[in-house]
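Remarks on the structure that follows.
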Amino acid sequence: MSATAGQAQGERGLAERLGLKPGQVVQEIGWDEDVDDELRDSIEDLTGNELLDEDSDDVVDVVLLWWRDGDGDLFDALTNAMRALADGGQIWLLTPKAGRDGHVEPSDIGEDAATAGLSQTSSISAAPDWSGTRLVPPKGSRR
Numbered sequence: 001m002s003a004t005a006g007q008a009q010g011e012r013g014l015a016e017r018l019g020l021k022p023g024q025v026v027q028e029i030g031w032d033e034d035v036d037d038e039l040r041d042s043i044e045d046l047t048g049n050e051l052l053d054e055d056s057d058d059v060v061d062v063v064l065l066w067w068r069d070g071d072g073d074l075f076d077a078l079t080n081a082m083r084a085l086a087d088g089g090q091i092w093l094l095t096p097k098a099g100r101d102g103h104v105e106p107s108d109i110g111e112d113a114a115t116a117g118l119s120q121t122s123s124i125s126a127a128p129d130w131s132g133t134r135l136v137p138p139k140g141s142r143r
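Under full-length UniProt numbering, the first residue of the sequence shown carries the number 1, and numbering increases by one thereafter.
Pasting the structure below:
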């Protein structure tokens, strides 16, 4: 395998770790200069779509929510993020890893997610400085 092919596979792997698929529509909320651009680029490359910004009114398959301690009320952010989700959609909550500025305690994530009616299904290292928590509404739930 050439170095270029390996690099392309590695970049694509970032988005694949999130379980994303070609054609999915992803909305990004909470962008700031500290986000991981390599992850963002890999999502756009894999899905074939540009990330929608937080002002979009489109229905989306995935919400990518960048969140830092001090950004406000996580429960409110999760509740708002759910409004854009298609049936079967998911939220990837991206938070700074432990020891980084803006780290959010996993217990806070679990509590606010549960209060918002979301189930935590997995946690991953999404990027060098970011952890990812996959949150989904319960199957068959109607709000």
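Glycine included, every Cβ here is placed at the ideal spot set by N, Cα and C.
Check, Outcome
"In the DSSP assignment, the alpha helix (DSSP H) including Ala86 goes from what residue to what residue?", "Looking at the DSSP string, Ala86 is not in any alpha helix (DSSP H); the run it does join, the beta strand (DSSP E), is Leu85 to Pro96."
"To the nearest angstrom, how far is the alpha carbon of Asn49 from that of Gln24?", "7 Å"
"List the endpoints of the continuous beta strand (DSSP E) containing Asp61.", "Val60 to Trp66"
"Please go through the same chain and pick out, in chain order, the residues whose beta-carbon is closer than 8 Å to the beta-carbon of Asp58, but skip the five residues on each side of it.", "Val25, Gln27, Leu52 and Ala84"
"Per DSSP, which one or two residues make a beta bridge with Ser123?", "Thr133"
"Can you tell me where the beta strand (DSSP E) holding Glu28 begins and where it ends?", "Val26 to Ile29"
"Within 10 angstroms of its Cβ, does Ala114 collect 16 or more other Cβ (buried), or is it exposed?", "exposed"
"Of all the options Asp108, Arg17 and Leu135, which has the alpha carbon lying nearest to the alpha carbon of Val81?", "Just to set this straight, residue 81 is Ala in the shown sequence, not Val. Of the listed residues, the one whose Cα sits closest to Ala81 is Leu135."
"Would you mind working out which of Ser107, Glu16 and Ser119 sits nearest Ser42, comparing C-alpha positions?", "Glu16"
"So Trp92 packs on Val60, CB below 8 Å; how close in whole Å?", "About 11 Å separates the two Cβ atoms, so there is no contact after all."
"How many Å lie between Gly99 and Leu64 at the Cα?", "22 Å"
"Pick helix, strand or coil for Leu74, following the three-state DSSP scheme.", "helix"
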